[in-house]
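Residue numbers (the working numbering): 78 to 471.
Built from N, CA and C at the ideal position, the CB exists for glycine as well.
Model, not experiment: these values are computed from the prediction.
Below you'll find the structure, written out as structure tokens, and then a few comments.
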Amino acid sequence: MEFLQIDQNILGEIFANNYLLVNDEYEIWKTALHWSNEKCRKNGKKRSIKNLRFALGSALTKIRFPRITSDVFVKKIVPSGILTDEEIFGIYQFYCHPNSRGTPGLYPLKFQSHGRILDWNISHGNRGTTLALEIEEFSKFAQEEEESERFSEEKVRMKGFKWEISAEIKTDEESNEKCLGFFLWCTPEKRKNKENWSCKCSATFRIVSQKCGVEDLIGRFDDIIFNSNEKYRSDIRGFYKFITLSELMDKSKGLYNKKEDKVTLTIDVIVERMKTDIAYPPKSTGKILWTIQKLSEFSREVLMSERNSETVHFKEIEWKICAEVVKNENNEKSLDFSLACVPTKDIIWNGECTAILRFVSQKNETTENDCVVLFPNSITFTVSGGNQSVTILT
């Protein structure tokens with residue numbers, strides 16, 4: 078009964094919480110309906126669709142309807158009549174095109190589509206989690222001096238490591254504009270593990286859209302290696318210039334909630350591997366074949382976003398192709414490709430190799446039209462301390 082006494086604003090704050098321990102969004106809908114029915118009864122009003130929706134107010138928009146299965150949505154929620162036709166069509170459109178947040182001017186999606194903490198843990202076993210940071214009074218934060226930081230209130234514990242988000246004010250040396258730095262932190266939970274540890278993960282950085290029909294701003298790293306190497310700071314990884322503050326606070330971008338003066342950041346993390354010694358068959362040559370899926374989506378991500386091929390193992394080293402979103406000399410977005418190698422054991426290592434990078438023609442089945450990049454006759458790389466990635470730019 079105590080829950081039914083809370084007001085609409087508090088209800089909205091509860092529904093907006095990324096860490097709400099609910100693994101089925103439909104349960105939140107049922108709770109909202111029960112709460113609004115009780116409010117109508119308490120206020121002596123008829124439990125009509127209009128009154129139920131009015132009672133919920135802005136709290137209704139905090140329910141993540143796209144997280145509900147289409148079958149349940151059609152059978153249980155649409156018949157209630159609470160949602161408008163435009164809201165329903167926006168959700169239908171999301172079911173058909175889940176990677177888009179809707180088409181402005183047609184049926185924009187009016188509800189958040191990213192999961193809560195239990196959604197992510199269930200989807201990826203205990204290998205994945207979603208971290209969230211809401212920066213309140215963002216306009217004040219934007220005026221602070223460089224290196225000012227904000228951290229997520231709680232550290233999420235997963236796979237023996239503590240994970241958290243930080244945001245920091247940075248200044249672009251070229252343009253002298255203030256930017257938002259966006260980072261992921263990883264440290265071991267137990268003190269005894271702090272001397273010799275490593276962890277490999279993938280992460281999707283996201284500024285959550287606050288405007289209907291506008292996509293989240295996304296940056297991604299396919300492979301991040303955190304470790305205890307003292308020579309290189311490796312408990313933090315992210316984007317030093319994720320977006321300029323002027324762009325972020327631009328009303329047309331839809332990323333800054335001016336009314337509530339806040340910005341919402343999330344990072345989806347999937348742990349791929351903790352420190353381990355793996356035995357691979359001895360090989361002196363290898364071939365990596367990589368097809369980049371959804372290239373157009375990748376090209377729209379923020380600068381420094383990375384994608385990586387699957388790794389090939391030989392000579393106790395992992396080899397992979399990397400692609401990164403960069404700006405070329407004409408200040409246009411482009412993709413940089415590179416070859417990277419990482420030892421599978423914590424050792425002092427060095428090596429020499431030759432490599433050919435080939436862009437395979439899509440016009441026919443022959444190799445005549447392939448674009449071939451020849452590396453020098455030999456590439457030498459040396460690293461002290463394990464698990465440090467050496468990148469050979471093309």
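Using only the alpha-carbon positions, how far apart do residue i and residue j sit?
| i | j | result |
| --- | --- | --- |
| D101 | E254 | 43 Å |
| V149 | A109 | 16 Å |
| L261 | N408 | 27 Å |
| N94 | I105 | 12 Å |
| F142 | F319 | 29 Å |
| R314 | M381 | 11 Å |
| K328 | S411 | 27 Å |
| H390 | F259 | 32 Å |
| T368 | G205 | 25 Å |
| G296 | C430 | 31 Å |
| Y172 | V99 | 21 Å |
| S147 | T248 | 45 Å |
| K364 | S438 | 17 Å |
| Q189 | T341 | 12 Å |
| R144 | L81 | 24 Å |
| E213 | V379 | 23 Å |
| E222 | T264 | 27 Å |
With burial defined as no fewer than 16 other Cβ atoms inside 10 Å of the residue's Cβ, what is the status of residue i: buried or exposed?
| i | result |
| --- | --- |
| K397 | buried |
| L160 | buried |
| N304 | buried |
| R227 | buried |
| E348 | Position check: residue 348 holds Val in this sequence, whereas Glu was assumed. Buried: at least 16 other Cβ atoms inside 10 Å. |
| E164 | buried |
| S275 | buried |
| I87 | exposed |
| R234 | exposed |
| P156 | exposed |
| L129 | buried |
| G237 | exposed |
| E90 | exposed |
Assign residue i to one of three DSSP states: helix, strand, or coil.
| i | result |
| --- | --- |
| G205 | strand |
| G167 | helix |
| F131 | helix |
| G89 | helix |
| S323 | helix |
| T138 | helix |
| I104 | Reading off the sequence shown, one finds Glu at residue 104, where the question assumed Ile. Reduced to three states, the DSSP call for E104 is helix. |
| K277 | strand |
| I159 | coil |
| N334 | strand |
| V291 | coil |
For residue i and chain D, any beta-carbon pair shorter than 8 Å?
| i | result |
| --- | --- |
| R227 | Here chain D cannot be found, since the structure has a single protein chain. |
Answer yes if the segment 296–305 comes into contact with the segment 370–389, meaning at least three C-beta pairs across the two stretches below 8 Å, and no otherwise. yes
Contact the segment 227–246 vs the segment 370–377: 3+ CB pairs below 8 Å: no
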